[in-house]
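The opening position of the sequence shown corresponds to residue 4 in our numbering, with each subsequent residue numbered one higher.
By construction, the Cβ of each residue, glycine as well, lies at the ideal position given by its N, Cα and C atoms.
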Amino acid sequence: MTAEWYVLVEEDTRETKRADGVELKLHRWKLVATQHIAGDEGNAAAAAEDAALHYMPGVLARHARPGDEPARQAFLT
């Protein structure tokens, strides 16, 4: 039996609502991307690192300028 590898990207989709004069910040984690990886664990790790370094969440993309890249480091557990 061979293992199948996938890279999953989740995003915190924060939404601000007002109710009875109170501002509520609602957080919900949402699966925003999946990618099947052909090959072994090394290929999956490389794809996950690439996604971690280059994926731009929607909340940041709304404020980004052309050419902006997320400033972060990838780590795998």
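| Asked | Found |
| --- | --- |
| According to the neighbour-count rule (16 or more other Cβ atoms, all chains shown, within 10 Å of its Cβ), is Val35 buried or exposed? | exposed |
| For a minimum of 3 consecutive residues, which ranges assigned as the beta strand (DSSP E) are wholly contained in the region 5-60? | 8-15, 18-22, 25-29 and 32-40 |
| Using the three-state DSSP reduction, which class does Ala67 fall into: helix, strand or coil? | coil |
| Using the C-alpha atoms, what's the distance from His57 back to His66? | 16 Å |
| Taking the alpha carbon of Glu14 as the point to measure from, which residue in Gly42, Lys33, Arg68 and Glu44 has its own alpha carbon closest? | Lys33 |
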